[in-house]
Amino acid sequence: MVRLVTLANAFAAMAASTAVLTLAGSDFTITFKNGCPVDIDLYNRLASVYTDENECIAPGGSVVKTIGKDFEGHFRNGSNDAATLLEIATKGDLHVVWFDLSVIPSHLNPGFEFCKNLDECKQNSKSGIGFNTPIQITPTSNTNGKNCRELTCLADGCEDAYTFPKDDIKTHSNQQPQEQQQEQQETTAPVTADDQATNSPEQAESAYGPSGVVDSEATKKDDTPAPDAQNIKMVDKMKFSMFVATT
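Residue numbers for the sequence shown, in mature numbering (1 follows the signal peptide of the UniProt record, and there is no 0): -24 to -1, 1 to 223.
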């Protein structure tokens, strides 16, 4: 499962602001640390809940967020949801965190909920904007080069971020090894071989939807392949680095 993230200045030093994710049981925490020369106005929006929570992070400061099971939402810099989004979801039966970056313009017009490229989405949205802050997320442990790897978005239309609603190859995941999951399950109830064989991660729907995209709950489906647990080696302190730069 995902454990650590970081926000920082991606241009001059690539190390200005950091966030650390640490797993504790079925929860994990994200410590956002601002290394930028200006305030980061960190907003968090849950899926299907249109009331934002926000907290200002002064340069050099940090805040800690605890995320539990069945979380689905996003983090961004600024009150305007036409912004670069870090999307997090912990849906499904296994200990999996799904994460991605998104620069899809918010508030897509009716009939264009499934626009097929960034330009079409921009032309058919109320905002016309989906990028406001350069971001880089770097896993520093448990990387496998595919499902859990560094994501970089330093400009609009960046390759690692969602640029249209069905751009589902941009969803990534971090999964706890099956042996660790079994150990946790055995502390509360016996687990049969049949149970383990049938448990599989469930793809969470995208968290970009709460930014105001019309009918966004339906725009990202469960088509992204679940991660191969055999290729993911989880360690106790999973670490990420996420760098955020001001323009």
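The beta-carbon is built from N, C-alpha and C at its ideal position, and this holds for glycine as well.
Drop a sphere of 10 angstroms on the beta-carbon of residue i, count the other beta-carbons inside from all chains shown, and report buried for 16 or more, exposed for fewer.
| i | result |
| --- | --- |
| Ser192 | Note on Ser192: pLDDT 38, under 50, position unreliable in the model; the coordinate value appears next. It counts as buried. |
| Gly68 | buried |
| Gly36 | exposed |
| Asp57 | buried |
Classify residue i as helix, strand or coil using the three-state DSSP reduction.
| i | result |
| --- | --- |
| Ile111 | strand |
| Asp76 | strand |
| Leu127 | strand |
| Glu29 | strand |
| Lys146 | helix |
| Lys98 | helix |
| Asp136 | coil |
| Ile105 | coil |
| Lys9 | strand |
| Asn120 | coil |
| Leu22 | strand |
| Phe4 | strand |
| Asp15 | coil |
So, using beta-carbon positions, are residue i and residue j closer together than 8 Å?
| i | j | result |
| --- | --- | --- |
| Asp136 | Thr128 | yes |
| Tyr19 | Leu77 | no |
| Ile33 | Asn10 | yes |
| Phe107 | Asp132 | yes |
| Thr60 | Thr109 | yes |
| residue 225 | Gln151 | As shown, the chain starts at -24 and ends at 223. That puts residue 225 outside it, with no answer to give. |
| Leu84 | Gly49 | no |
| Phe90 | Lys45 | no |
Would you mind giving the Cβ-Cβ distance between residue i and residue j, rounded to the nearest angstrom? I have them listed as a contact below 8 Å.
| i | j | result |
| --- | --- | --- |
| Ser55 | Pro81 | The pair is not a contact, with the Cβ atoms about 16 Å apart (cut-off 8 Å). |
| Asn53 | Asp28 | About 12 Å; that fails the 8 Å criterion. |
| Ser24 | Trp74 | With a Cβ gap of about 17 Å, Ser24 and Trp74 do not count as contacting. |
| Thr5 | Val40 | 6 Å |
| residue 224 | Asn93 | Residue numbering for the chain in the displayed model covers -24 to 223; residue 224 lies beyond these limits and cannot be assessed. |
Going residue by residue through the region 34 to 74, where are the continuous alpha helix (DSSP H) segments of at least 4 residues, counting only ones entirely within it?
Runs of the alpha helix (DSSP H) inside the region 34 to 74: none found.
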